[in-house]
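Right, one structure below, let's go through it.
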């Protein structure tokens, strides 16, 4: 049973527009969430995180929104750039558990067209 | 740069042969992890370590063993490689046990023929 779901395998947007990547989770014990970006032939790189005590965290062009009641988080990229084209993974964990209990979604491929 | 080096970066091996992947970190972090990434599965934890000689199993540990004799090195061994172990393997590290970001290495691409 998937605890973290990225239901859309891919997204294509135009440069300069907003990209919205979604992630749903089922375990109500999750209380911190992370997004990673992965380019081909490279390892995942940390992008942004959010704790359940917040509903929004912003870092430059990247904003993560958390809706605890809906068990949903989303990553907004504004404006999107061609260099943002990558696979994005969301991950969820609990501060009571160890990082070995982080659960990753299957990933979503974002393509930003010039 | 997370200070993680994986070797080898690419390897082709035959079914039934042993394979060892090495992860070396320069951050002196206590926690180290081995993940595999496969299409349709995302990132899955194989084994992890919470200190020298302290390791435990992850979600997909069958067919794998690990060792950590020094803080900086975490080895992943496939005792007898199978085609189902063809995958991309990522080492990761974290400074604390929980509520913290883990940082990944660049990956080791393994093909078992």
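Residue numbers (the numbering used here), protein chains in the order written: chain A, 116 to 229; chain B, 1138 to 1250. Using N, Cα and C, we set each Cβ at its ideal position, and we do this for glycine too. Small disclaimer: the values here were computed from a predicted structure and weren't measured.
**Item:** Residues that residue 1185 (chain B) bridges to, as DSSP identifies them
**Value:** Counting from one through the second chain, the residue named residue 1185 (chain B) turns up at place 48. Answer by DSSP bridge pairing, in chain order: B:1170, B:1193.
**Request:** Please confirm if residue 221 (chain A) has its CB atom under 7 Å from at least one CB of chain B.
**Result:** As a first step, residue 221 (chain A) must be located in the first chain, where it is residue number 106. It does: the Cβ of residue 221 (chain A) has a partner Cβ on chain B nearer than 7 Å.
**Prompt:** Can a CB atom of chain A be found closer than 7 Å to the CB of residue 1230 (chain B)?
**Reply:** What you label residue 1230 (chain B) is simply residue 93 of the second chain in a count that begins at 1. No, residue 1230 (chain B) lies away from the interface with chain A (no Cβ there is under 7 Å from its Cβ).
**Asked** Closest Cβ-Cβ distance between residue 130 (chain A) and chain B: below 7 Å?
**Response** Here residue 130 (chain A) refers to the residue found at position 15 when the first chain is read from its first residue. Not one chain B Cβ lies under 7 Å of residue 130 (chain A).
**Request:** Assign residue 196 (chain A) to one of three DSSP states: helix, strand, or coil.
**Result:** Here residue 196 (chain A) refers to the residue found at position 81 when the first chain is read from its first residue. Coil at residue 196 (chain A), not helix or strand.
**Prompt:** Using a C-beta cutoff of 7 Å, does residue 200 (chain A) count as contacting chain B?
**Reply:** In the first chain, residue 200 (chain A) corresponds to position 85, counting from 1. So, not an interface residue.
**Request:** Tell me whether residue 121 (chain A) sits in a helix, a strand or coil according to DSSP, three-state version.
**Result:** The sequence position of residue 121 (chain A) within the first chain is 6, counting from 1. Here residue 121 (chain A) sits in coil by DSSP.
**Asked** In the structure shown, what three-state DSSP assignment does residue 1206 (chain B) receive?
**Response** For the purposes of this step, residue 1206 (chain B) is taken as residue 69 along the second chain, with counting starting at 1. If DSSP states are grouped into helix, strand and coil, residue 1206 (chain B) belongs with the strands.
**Request:** Label residue 141 (chain A) either buried or exposed according to how many other C-beta atoms from any shown protein chain fall within 10 Å of its C-beta, with 16 as the threshold for buried.
**Result:** As a first step, residue 141 (chain A) is located in the first chain; it is residue number 26 there, counting from the start. Counting Cβ neighbours within 10 Å, residue 141 (chain A) comes out exposed, since fewer than 16 surround it.
**Prompt:** Are at least three pairs of beta-carbons, each pair with one atom in the segment 119-126 of chain A and one in the segment 179-187 of chain A, less than 8 Å apart?
**Reply:** no
**Prompt:** Mapping DSSP to helix, strand and coil, what is residue 275 (chain A)?
**Reply:** Residue 275 (chain A) lies beyond the stretch modelled for chain A, which goes from 116 to 229, so this question has no answer here.
**Message:** Taking beta-carbon pairs under 8 Å, can you tell me which members of the segment 1186-1214 of chain B lie near chain A?
**Reply:** 1187, 1193, 1195
**Prompt:** Are the C-beta of residue 1140 (chain B) and some C-beta of chain A separated by less than 7 Å?
**Reply:** Taking the second chain and counting its residues from 1, the one referred to as residue 1140 (chain B) is at position 3. Not one chain A Cβ lies under 7 Å of residue 1140 (chain B).
**Prompt:** What's the gap between the Cα of residue 226 (chain A) and the Cα of residue 130 (chain A)?
**Reply:** If you number the first chain from 1, residue 226 (chain A) lands on position 111. If you number the first chain from 1, residue 130 (chain A) lands on position 15. Answer to the nearest angstrom: the Cα atoms are 9 Å apart.
**Request:** Kindly list the residues whose CB is nearer than 8 Å to the CB of residue 1182 (chain B), restricted to its own chain and excluding five residues on each side of it in sequence; keep chain order.
**Result:** On the second chain, position 45 is the one that residue 1182 (chain B) refers to. These residues qualify, in order along the chain: 1170, 1171, 1172, 1195, 1196, 1197.
**Request:** May I ask you to report which of helix, strand or coil DSSP gives residue 1224 (chain B)?
**Result:** Translated into positions along the second chain, residue 1224 (chain B) becomes position 87. It is a strand residue.
**Request:** Name, going along the chain, the residues of the segment 142-157 of chain A whose beta-carbon falls closer than 7 Å to a beta-carbon of chain B.
**Result:** 147, 149, 157
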